[in-house]
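What follows is a short report on a single structure.
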Amino acid sequence: DAGVIQSPRHEVTEMGQEVTLRCKPISGHDYLFWYRQTMMRGLELLIYFNNNVPIDDSGMPEDRFSAKMPNASFSTLKIQPSEPRDSAVYFCASRWTGGGKAEAFFGQGTRLTVV
Amino acid sequence: EDQVTQSPEALRLQEGESSSLNCSYTVSGLRGLFWYRQDPGKGPEFLFTLYSAGEEKEKERLKATLTKKESFLHITAPKPEDSATYLCAVPNTGNQFYFGTGTSLTVIP
Chain R
6 DAGVIQSPRH EVTEMGQEVT LRCKPISGHD YLFWYRQTMM RGLELLIYFN
56 NNVPIDDSGM PEDRFSAKMP NASFSTLKIQ PSEPRDSAVY FCASRWTGGG
106 KAEAFFGQGT RLTVV
Chain B
8 EDQVTQSPEA LRLQEGESSS LNCSYTVSGL RGLFWYRQDP GKGPEFLFTL
58 YSAGEEKEKE RLKATLTKKE SFLHITAPKP EDSATYLCAV PNTGNQFYFG
108 TGTSLTVIP
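Which chain is which? The protein sequence lines are R and B, in order. Plus 5 on top of the position in the first sequence (first one is 1) and you've got my numbering. Plus 7 on top of the position in the second sequence (first one is 1) and you've got my numbering.
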């Protein structure tokens with residue numbers, strides 16, 4: 006398996022524009038997590054899905070953020086409208102809770118810069 | 008409230024100088040403590056999982072240990088390629104992974 010795949014790797018956008026980040030989890034994994042990483046706050050959990058269903062979105066900072074998982078192999082995180090304070094690295098991670106192993110595997114991240 | 012705290016924030020070691028990183032946690036019903044390594048510009052990479060007090064795991068120059076309140080990542084005779092940020096994480100009862108803020112390790116040749 007190629008691991009968790011995120012796209013794009015880098016995104017530069019102007020304030021007010023819509024941004025969509027994409028994630029393909031590892032095949033067979035039943036949990037998917039979206040994190041945001043900044044120097045000040047470290048890794049923050051935004052939302053997570055179990056079997057494509059959103060379970061907890063309490064970490065989503067504002068209504069400008071939304072996430073979907075239309076099927077087991079794809080998820081999106083959307084920011085509309087974007088603001089400079091959204092600049093961060095966004096990570097997607099997936100996890101399989103069967104088989105006695107429960108570690109989460111991360112993608113390479115999307116570095117978002119809002120100017 | 009579930010919390011994960013790592014110390015020190017940053018650590019500089021000479022090559023070959025052994026040391027330990029600390030991860031303390033407060034979580035009801037520990038369901039594993041996870042160590043990750045993160046290199047600049049990359050996602051966290053899984054290292055170890057520990058499930059019960061007294062458990063130890065080793066990988067090359069790294070050894071992770073677990074007590075009822077904290078975990079240590081011991082680095083023996085580190086090399087420059089061990090330079091990275093080391094993160095620990097615990098899942099809560101809702102399967103959410105909460106991460107510490109990490110220890111940035113620099114190993115000087």
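The beta-carbon is built from N, C-alpha and C at its ideal position, and this holds for glycine as well.
Asked	Found
Can you have a look at residue 16(R) and say buried or exposed, based on whether 16 or more other CB atoms are within 10 angstroms of its CB?	buried
Going along chain B in order, which residues have a C-beta closer than 8 angstroms to the C-beta of residue 37(R)?	Ordered by position in chain B, no residue passes the 8 angstroms Cβ test against residue 37(R), which lies about 11 angstroms from the chain.
Counting only Cβ pairs nearer than 7 angstroms, list the residues of chain R close to residue 51(B).	111
According to the Cβ coordinates, are residue 89(R) and residue 44(R) closer than 9 angstroms?	no
Looking at the structure shown, is residue 100(R) part of a helix, part of a strand, or coil, going by DSSP?	strand
Can you name the start and end residues of the beta strand (DSSP E) that residue 10(R) belongs to?	10-12
Between residue 31(R) and chain B, is the shortest Cβ-Cβ distance under 9 angstroms, so that the two count as touching?	no
For residue 108(B) and chain R, any beta-carbon pair shorter than 9 angstroms?	yes
Quick check on residue 23(R): does DSSP put it in helix, strand or coil?	coil
So, with DSSP's three-state summary, where would you put residue 15(B)?	coil
What's the call for residue 108(R), buried or exposed, on a 16-neighbour Cβ count within 10 Å?	buried
Write down the C-beta distance between residue 57(B) and residue 27(B) rounded to the nearest angstrom, noting that I regard them as a contact closer than 8 angstroms.	No, residue 57(B) and residue 27(B) are not in contact; Cβ-Cβ is about 15 angstroms, not under 8 angstroms.
Taking 9 angstroms as the threshold (C-beta atoms), are residue 40(B) and residue 73(B) in contact?	yes
For residue 77(R), collect the residues of the same chain with a Cβ closer than 7 angstroms to its Cβ; drop the 5 residues on either side in sequence, then sort them by chain order.	57
Determine whether the beta carbon atoms of residue 95(R) and residue 114(R) lie at a separation below 9 angstroms.	yes
With distances taken Cα to Cα, identify the nearest neighbour of residue 80(R) among 32(R), 118(R), 87(R).	32(R)
Is the Cβ of residue 9(R) closer than 9 angstroms to any Cβ of chain B?	yes
Beta-carbon of residue 47(R) versus every beta-carbon of chain B: anything under 9 angstroms?	yes
Check each residue of the segment 43-70 of chain B: if its Cβ is closer than 7 angstroms to any Cβ of chain R, include it; give the result in chain order.	49, 50, 51, 53, 56
Would you say residue 105(B) faces chain R, with C-beta separation under 9 angstroms as the test?	yes
For residue 85(B) versus residue 36(B), is the C-beta distance shorter than 9 angstroms?	no
Here's a check: name, in chain order, each residue in its chain whose Cβ is nearer than 7 angstroms to the Cβ of residue 35(R), leaving out the five neighbours to either side.	55, 56, 101, 102
What residues of chain R sit near residue 41(B), judged by a beta carbon separation below 7 angstroms?	108
Please compile the residues from chain B whose C-beta is within a distance smaller than 9 angstroms of the C-beta of residue 114(R).	48, 49, 50
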